[in-house]
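**Student:** Line by line, the protein sequences are chains A and B.
Position one of the first sequence corresponds to residue 731 (the numbering used here), numbered consecutively onward.
Position one of the second sequence corresponds to residue 1174 (the numbering used here), numbered consecutively onward.
Glycine is no exception: its CB is placed at the ideal position from the N, C-alpha and C atoms.
Treat the numbers as computed from the prediction; the structure is a model and nothing was measured.
Would you mind keeping the following structure in view while I ask a few things?
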Amino acid sequence: MGDLGSLTLIIAFVVSAYTVVVSVLGYTKKRNDLILSSERGIYTTFILILISSFALTALLLKSEFQYQYIQEYSNRALPLFFKFAAFWAGQAGSLLLWLLILCTVSVAAVYQNRNRNRELMPIVTAVLSFVNMFFITVIIFAANPFNEMVVAAPETAAGFITYTAPDGRGLNPLLQHWAMVIHPPILFVGYSGFVVPFAFAIAALATGKLDITWIKTTRRWTLFTWMFLTSGILLGANWAYVELGWGGYWGWDPVENASLLPWLTGTAYLHSVIIQEKRGMFKIWNLILIIMTFSLCIFGTFLTRSGVISSVHSFAQSPIGSFFSFFLFVIMIIAGLLLLKRLTGLKSEHQLDSMLSRESSFLFNNLMFILAMFVIMFGTIFPLITELTSGTQSTLDPPFFNRMAIPIGLIILLLTGMGPLFAWRKTSVYSLKKNFLFPVGSSLIVGIVLFLLGIRDFYPLIAFVLSYFVFHTILQDYTKGVMARMKTSGGSFLKSFIDLTLKNSRRYGGYIVHAGVVFMFIGFTGNAFNIEKRAELLVGESFEVGEYIIIADKFNNGQEELYQFSEVYITAFRNGEEVTKGYPQRRYYFASQQTSTEVALHSTFKEDLYMVFEGYTDEDKAVVHILIKPLVMFIWLGGIIIVLGTVIALFPNTVSAGKQSLRRIKPEAADAAA
Amino acid sequence: MKNKKILFGSIVIVASIIYLGVTGFEQDMSYYITAEELLEKGDEVYDTRLRVAGQVVWGSIDRSKKPMTFNIDHNEKVVAVHYEGQSPVPDTFRDHAQVVLEGKFSNDRIFRADKIQAKCASKYESRLEEAKIK
């Protein structure tokens, strides 16, 4: 099985190299047979990688521990589900999964365009296959999951003996959690999907077909990918929250930042392409953004896997870092040269007419996303910069990131509310008053009420007021649309609501995404009100945290197949009433010889009660750490709403794009005339 | 004309956010050195807040003492550590773990740490090294 896996990888390498060459030849010589052959090359590569992946899955399910990868990441006693998930528990398997997803995406893109965009497709095929080829190379030469165990000579120094684990060392207990099982595949879709708009952008540059086609063709791809990247990041955050036991969901670790960087440029791109579609502006900028987004996906991998940055959860240093940096260099050079060559063909069709226009609000939106990207990138590679300048590494701590990200985030939130209220080109004073008076006025009232209720810190107060403001503007615009529709069609509110959303799914899907963003901001703001306390308890003892009284009812020890555990039975009371019981555990996993913390969590919209058992003291008291984390649920809820909104935005519009842009300008013009 | 206004607005926003970042920049920065570098620097870094990286020396963890003591090494240079922090040590902290300690180096050449981060080495690292047991 292992041989089959290795063999298919090598054949896939040859096929993808062939595909690159033939597609470029097909383009330059205008030979359809070659182009067709190159597209078949994409399909063939996919089938080969699929076989290779099946081979690895088979090795995992059959527990073939003579393979190093299986030995390290699986275990005989592991439940079937986790044996399967061990596929992407290590570096080599993750890369294979990433490659499999890349190949799938490539096949889908080629198949979707088999009769369309024929001028662009040869170059698109070449780019896709080039990226596939790169990943195959890395897997074959630097991270092959099909390597068999090399039995090292017994270690004689210091009295060590070689430990053999015939049943495998097992999946890291921290990764034995549903969110961590689906997190990597989802994140990889979120990275890989950007290869399609990237390939089309390169094809547009190479062929000189720089009109709106490449953007229109890849709009859904970008949205789809963005949805996965967003969910991937959030799942990672959720996993960190429930599994790591420190009570946070984001620590500004290089690994986390690496996934956020392409998300920021990708989000900027999603917004700025709208300007190009509607107004023919920002053409060069959009190309740069998508090239940047794809490059940042590669850069993130380089950063976290090369060992250049020390991080608590960075992956081991490995040779794949140099592969990725070389690949990044090649992408940047090719894209840069093509961009320079086509610069003159990318003149903007319009100029910005006014500061108070939809266009300029998009411009500021982009500015903030890019600023956020640079700030986070700077903070992340700061150890590298200081090492170059002073010889020692210095790191920037989370307070730096928070201090920078909070104001940027709040400005983005403000723009989320304002942008959609501005008209294209120029907003009249009349429509400004009409659209803003009510939301701004009621936001001020909300602000005053919150202030009186005791929320007096600057950032939390601003964050809540802005959240309200954005929510208000969304509701206002939405209900306006629904009411108008009810009048014309005579349908019920719900029917008009659904019709309207589907009729212009892009616009209203966007609004729903924005509503999700508001929820997330509310959740983030909850952080300002965290309470935590730690106590050492004997059975029957209690302590007070915030409004809660925590009692340790019982200590218990036990054993499961994979681990042994000790746990504390906790009852939490508030105002004399029982709120919940929790059973936080500490586990010791036999195969990996690791301890792990199992948090007990009681979630409500108001707050999460987060209970951690941190072990026994020398006097056999249980160390119990309780955190009260307000509004965290809003983050996860916001995430679900964002995904829902994106799905709606992916629906085909029932109104054609041309009509729609006319419609959007018209009502504002009517306002101005009135 | 309009473009100038927008440019001006952009510069103001970017500048004020960068200003936010620059103020207090020093506090957010901590030196990150290895156990070996710590011993080389010695006198220079007494009482400076540092992050020190190293590997826990096999069998050096003594949990019976208060504070808990252990040694870390990097390129065979060993630093003695007293852990004086409030929170319990992380799950991943054990013999041979890669750790990053936060704290200060004192005149008695003991590193007094108040925070321990242990790398989730297992996640993506070849653990053949760790497979050796005593």
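Just checking my contact of A/R899 with A/N987 at CB under 8 Å: how many whole Å lie between their CB atoms?
**Tutor:** Under the criterion of beta carbons closer than 8 Å, A/R899 and A/N987 do not qualify as touching, at roughly 29 Å.
**Student:** Between B/V1262 and B/Q1290, is the Cβ-Cβ spacing less than 7 Å?
**Tutor:** no
**Student:** Tell me the DSSP secondary structure of B/D1246 in three-state form.
**Tutor:** DSSP places B/D1246 in strand when its eight states are reduced to three.
**Student:** Whole angstroms are fine: how far does the CA of A/R1009 sit from the CA of A/H1202?
**Tutor:** 28 Å
**Student:** Of all the CB atoms in chain A, is at least one closer than 7 Å to the CB of B/V1254?
**Tutor:** no
**Student:** So if DSSP puts A/S1326 in a beta bridge, which residue, or which two residues, is it bridged to?
**Tutor:** A/R1317
**Student:** Thinking just about the alpha-carbon of each residue, which of A/F1199, A/G1246, A/K1311, A/T1034 is nearest to the one in A/I1370?
**Tutor:** Among A/F1199, A/G1246, A/K1311, A/T1034, the Cα nearest to that of A/I1370 is on A/G1246.
**Student:** If I measure Cβ to Cβ from A/L1000 and keep anything under 8 Å in the same chain, skipping five residues before and after, which residues do I get?
**Tutor:** T952, L953, W956
**Student:** Roughly how many angstroms separate the alpha carbons of A/S782 and A/S736, rounded to a whole number?
**Tutor:** 7 Å
**Student:** Is there at least one Cβ from chain E nearer than 7 Å to A/G1345's Cβ?
**Tutor:** Structure shown: chain E not included; protein chains present are A and B.
**Student:** List the whole-angstrom C-beta distance separating A/F1092 from A/L994, where the pair is believed to meet the contact cut-off of C-beta under 8 Å.
**Tutor:** Wrong, their Cβ atoms sit about 15 Å apart, outside the cutoff.
**Student:** Can you pull the chain B residues whose beta carbon is under 7 Å from the beta carbon of A/T1325, in chain order?
**Tutor:** D1264
**Student:** List, in chain order, every chain A residue whose beta-carbon is nearer than 8 Å to that of B/R1224.
**Tutor:** T1125
**Student:** Is the shortest distance between the beta-carbon of A/L964 and the beta-carbons of chain B less than 7 Å?
**Tutor:** no
**Student:** Enumerate in chain order the residues of its own chain whose CB-to-CB distance from A/F929 is below 6 Å, with the five nearest sequence positions on each side excluded.
**Tutor:** Position check: residue 929 of chain A holds Ala in this sequence, whereas Phe was assumed. Taken in chain order, the residues that qualify are V854, V857, L858.
**Student:** So, A/E1079 versus A/I1005, is the Cβ gap smaller than 7 Å?
**Tutor:** It is not a contact, given that the beta carbons lie outside the stated cut-off.
**Student:** With distance defined between alpha-carbon atoms, name the residue in A/I963, A/I945, A/D897 nearest to A/F918.
**Tutor:** A/I963
**Student:** Whose Cβ in chain A lies nearer than 8 Å to the Cβ of B/P1261?
**Tutor:** The answer, in chain order, is E1344, G1345, V1353.
**Student:** Please return the same chain residues whose Cβ sits closer than 8 Å to the Cβ of A/T1414, not counting the five positions on each side in sequence.
**Tutor:** Nothing about residue 1414 of chain A can be reported from this structure: the residues present for chain A run from 731 to 1404 only.
**Student:** Quick test of the definition: if touching needs 3 or more C-beta pairs under 8 Å, does the region 1227 to 1237 of chain B touch the region 1156 to 1168 of chain A?
**Tutor:** They do not touch, by the three-pair rule.
**Student:** For B/V1313, which residues in chain A fall below 8 Å Cβ to Cβ?
**Tutor:** This structure does not reach residue 1313 of chain B, given that chain B is present from 1174 up to 1307, and the question cannot be answered.
**Student:** Hey, A/F924 and A/F1012: beta-carbon distance below 7 Å or not?
**Tutor:** no
**Student:** Can you list the residues of chain A that B/I1283 reaches, using a CB-CB cut of under 9 Å?
**Tutor:** The contacting residues do not exist; B/I1283 stays about 21 Å from chain A at best.
**Student:** Report the rounded CA-to-CA distance for A/M851 versus B/N1176, giving the unit in angstroms.
**Tutor:** 37 Å
**Student:** A/V1298 and A/A1265 look like a contact to me (Cβ under 8 Å); what is the Cβ gap, rounded to whole Å?
**Tutor:** That pair is no contact at about 11 Å.
**Student:** Quick check on the burial criterion: 16 or more other C-beta atoms within 10 angstroms. Buried or exposed for A/L1073?
**Tutor:** exposed
**Student:** Taking 7 Å as the cut-off, decide whether the C-beta atoms of A/G713 and A/R1316 are in contact.
**Tutor:** Given that chain A is displayed from residue 731 to residue 1404, the structure contains no residue 713 of chain A and the question cannot be resolved.
**Student:** Under 8 Å Cβ-Cβ, which residues of chain A neighbour B/V1193?
**Tutor:** Note that residue 1193 of chain B corresponds to Leu in the displayed sequence, not to Val. Under the 8 Å cutoff, chain A gives R1133, M1134, P1137.
**Student:** What in chain A is Cβ-close to B/D1201, meaning under 7 Å?
**Tutor:** Neighbourhood of B/D1201 in chain A, by CB distance below 7 Å: L1126, D1127, P1129, F1130, in chain order.
**Student:** With a cut-off of 8 Å on the beta carbons, I'd call B/G1194 and A/V1105 a contact; round off their distance for me.
**Tutor:** 7 Å
**Student:** Measuring CB to CB, does A/I707 end up less than 7 Å from A/A931?
**Tutor:** In the structure as shown, chain A begins at 731 and stops at 1404. Residue 707 of chain A is therefore absent and cannot be evaluated.
**Student:** Taking a contact to mean a Cβ-Cβ separation below 7 Å, would you say A/Y1278 touches A/G977 in this structure?
**Tutor:** no
**Student:** Given A/Y797, which residues of its chain have a CB within under 8 Å of its CB, disregarding the five upstream and five downstream residues?
**Tutor:** G732, L789, P875, F876, N877, E878, M879
**Student:** According to DSSP, what are the bridge partners of B/A1226?
**Tutor:** B/T1207, B/V1273
**Student:** What does the alpha-carbon distance come out to for the pair A/T1334 and A/L1174?
**Tutor:** 28 Å
**Student:** Using 7 Å as the threshold, is the C-beta distance between A/L739 and A/Y803 below it?
**Tutor:** In this structure, A/Y803 does not lie closer than 7 Å to A/L739 by Cβ.
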